[in-house]
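Enquirer:
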Amino acid sequence: MAPGVPGRPVQRLENPPGVQPQPGAEPGRPVPPNMAPGVPGRPVQPPAPPPGADAPPPPPGAQPGQPPGGGLGARGAFNTPGQPGYVPGGFRTDDDVRDYDQVRRDRREFSEGGRTYYREPGRIIVRDRDGYLIRHDENERFRDLDPRGFRSERRGADFYSFIDRPGGEQIVTVTDDDGRMLRRYRRFRDGREVVIIDNSTAGPPRPIYDDVVVLPPPDIRIPRDRYVVEYEQADEGAVYEALTAPPVVAVDRRYTLDQVRYSPDLRARMRSVDIDTITFDTASFTVTPDQAARLSVIAAAINRAIRANPQEVFLIEGYTDAVGSDIDNLSLSDRRAQSVATVLTQQFQVPPENLTTQGYGEQSLKVNTQGASRENRRVTVRRITPLLQQGTAQGAPPPR
5 MAPGVPGRPV
15 QRLENPPGVQ
25 PQPGAEPGRP
35 VPPNMAPGVP
45 GRPVQPPAPP
55 PGADAPPPPP
65 GAQPGQPPGG
75 GLGARGAFNT
85 PGQPGYVPGG
95 FRTDDDVRDY
105 DQVRRDRREF
115 SEGGRTYYRE
125 PGRIIVRDRD
135 GYLIRHDENE
145 RFRDLDPRGF
155 RSERRGADFY
165 SFIDRPGGEQ
175 IVTVTDDDGR
185 MLRRYRRFRD
195 GREVVIIDNS
205 TAGPPRPIYD
215 DVVVLPPPDI
225 RIPRDRYVVE
235 YEQADEGAVY
245 EALTAPPVVA
255 VDRRYTLDQV
265 RYSPDLRARM
275 RSVDIDTITF
285 DTASFTVTPD
295 QAARLSVIAA
305 AINRAIRANP
315 QEVFLIEGYT
325 DAVGSDIDNL
335 SLSDRRAQSV
345 ATVLTQQFQV
355 PPENLTTQGY
365 GEQSLKVNTQ
375 GASRENRRVT
385 VRRITPLLQQ
395 GTAQGAPPPR
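Counting the sequence shown from 1 gives a position; the numbering used here is that position plus 4.
1) Check whether the Cβ atoms of Thr283 and Arg381 sit closer than 7 angstroms, and answer yes or no.
2) Give me the residue from Pro251, Ile175, Ile320, Gly135 with the minimum Cα distance to Ile331.
3) Go through the stretch 254-309 residue by residue and report every complete run of the alpha helix (DSSP H) that reaches 4 residues or more, in order.
4) Is it true that the CB of Thr324 sits closer than 7 angstroms to the CB of Glu366?
5) If you draw a straight line from the alpha carbon of Asp168 to that of Ile388, how long is it in whole angstroms?
6) Which residue comes first and which comes last in the beta strand (DSSP E) that contains Leu319?
7) Should the stretch 242-255 be called in touch with the stretch 270-284, which here means at least 3 C-beta pairs below 8 angstroms?
8) Using the DSSP secondary-structure output, state which residues sit across from Glu3 in a beta bridge.
9) Whole-angstrom Cβ separation of Ile279 and Ile302, contact assumed at under 8 angstroms?
10) Can you tell me whether Pro125 is buried or exposed, with buried defined as 16 or more other CB within 10 angstroms of its CB?
11) Got a sec? Which residues, its chain only, sit under 7 angstroms from Tyr213 by beta carbon, not counting five neighbours each side?
12) If you check the beta carbons only, do Ser267 and Val216 fall under 7 angstroms apart?
13) Starting from Gln237, trace the alpha helix (DSSP H) in both directions and tell me its first and last residue.
14) Ala341 and Gly322 look like a contact to me (Cβ under 8 angstroms); what is the Cβ gap, rounded to whole Å?
15) Taking the alpha carbon of Phe318 as the point to measure from, which residue in Pro293, Gln362, Gln350 has its own alpha carbon closest?
16) Distance check for Val253 and Arg123, CA to CA, integer angstroms please.
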């Protein structure tokens with residue numbers, strides 16, 4: 005079930021109790037698409053802290069105050085001194101986070117408005133009812149991919165970030181102070197702009213737990229192996245078909261990116277590709293070089309789809325096994341999704357603006373076990389363009 009949906013029990017951590025997690029090496033610093041591919045991976049870093057040291061208290065001087073906009077997603081600094089749960093150096097990228105133990109050490113917990121929040125470098129997690137939701141800084145992956153070419157500026161209440169391309173083309177991402185994407189568009193040299201993602205709503209920004217859309221599960225009438233394609237057994241044709249197919253049931257309106265991210269029955273309206281050739285070490289979000297090489301087929305299919313429609317959007321979903329805490333699993337899976345998206349760009353030139361990522365922890369276990377399972381530490385790729393753009397040609401209003 006989706007985090008934030010009543011009835012989902014609180015789970016555990018991806019390493020067995022009392023067993024120290026394997027230290028994970030971070031992905032190597034990505035490079036711009038026009039440069040030689042980098043190789044993911046780094047040496048193993050220091051060991052985990054002792055039990056009970058996972059979530060240090062907020063630093064001295066952190067004062068209670070308005071969390072991001074009175075709830076995740078609204079106005080308010082993403083990680084500013086004086087804000088609840090401030091993480092010093094919290095805008096460090098995953099290239100600076102050397103292993104997952106460091107993420108735990110940097111995590112800060114705070115409570116506001118009857119809800120519990122956890123802030124860590126580049127991410128914030130909210131506990132809603134008996135589940136959790138995570139949001140990451142949308143610019144983190146772009147800063148990593150091109151640290152010299154990335155730039156941003158504030159315009160009014162929003163941040164505009166820019167990546168320049170040869171020929172005068174520019175990718176613009178608009179976020180609020182919380183790191184939440186509002187829009188992403190491609191601007192051409194002649195001034196034309198093509199929207200890739202519009203995550204705006206008809207009203208003011210709202211907390212992420214209000215973006216869970218409850219829908220009936222779709223009635224799947226195609227073979228299971230075409231609905232969820234097993235990557236290791238599929239050729240490029242089958243992968244391409246799954247990543248360009250229409251929804252399995254009709255979609256009546258467009259949804260925001262956040263609604264797609266946090267609503268499992270909405271995402272289930274699109275086919276997916278389960279990348280079972282990439283499985284992660286326990287407590288690691290590193291894509292090893294040999295596994296990265298296996299992404300060539302899905303990268304070719306994505307690039308082919310984007311050439312046919314430059315507005316395509318693909319969601320990279322990260323998952324963990326069922327061993328461990330919800331918070332750790334959610335954070336770890338979110339970083340796994342981002343690592344795969346980074347490899348797709350740095351090694352296979354998949355345009356980063358056409359990708360978005362989200363972690364789901366131990367949801368959707370591939371192998372139904374509460375024990376350690378490498379098969380469950382994986383990523384899934386799903387085309388979400390029809391969910392974001394359905395009805396826009398007819399002038400459909402933004403969702404409320």
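Beta carbons are placed, not taken as given, at the ideal position from N, Cα and C, and that holds for glycine. Just so we're clear, the structure is a prediction, and the values are computed from it rather than from any experiment.
Expert: Let me lay it out:
1) In terms of Cβ geometry, Thr283 and Arg381 form a close pair [threshold 7 angstroms].
2) Each of Pro251, Ile175, Ile320, Gly135 was checked against the Cα of Ile331, and the nearest Cα belongs to Gly135.
3) Entirely contained in the stretch 254-309, the alpha helix (DSSP H) runs reaching 4 residues are, in chain order, 261-266, 268-271, 293-297.
4) Yes; because the gap between Cβ atoms is below 7 angstroms, this pair is in contact.
5) Straight-line measurement puts the Cα of Ile388 at about 25 angstroms from the Cα of Asp168.
6) Where Leu319 is concerned, the enclosing beta strand (DSSP E) stretches over 318-322.
7) Taking 8 angstroms as the limit for Cβ pairs, the verdict is that the stretch 270-284 does touch the stretch 242-255.
8) Limits of the chain in this structure are 5 at one end and 404 at the other, which puts residue 3 out of reach.
9) In this structure, Ile279 and Ile302 form a Cβ contact; the two beta carbons are roughly 7 angstroms apart against a cut-off of 8 angstroms.
10) So Pro125 counts as buried.
11) Once the five neighbours on either side are set aside, the close Cβ partners of Tyr213 are Gly8, Val130, Asp132, Leu137.
12) Yes. Within cutoff.
13) Looking at the DSSP string, Gln237 is not in any alpha helix (DSSP H), and its letter there is neither H nor E.
14) About 3 angstroms separates the beta carbons of Ala341 and Gly322, which is inside the 8 angstroms limit, making them a contact pair.
15) From the listed residues Pro293, Gln362, Gln350, the smallest Cα separation to Phe318 is found for Gln362.
16) Looking at the backbone, the Cα of Arg123 and that of Val253 are separated by about 37 angstroms.
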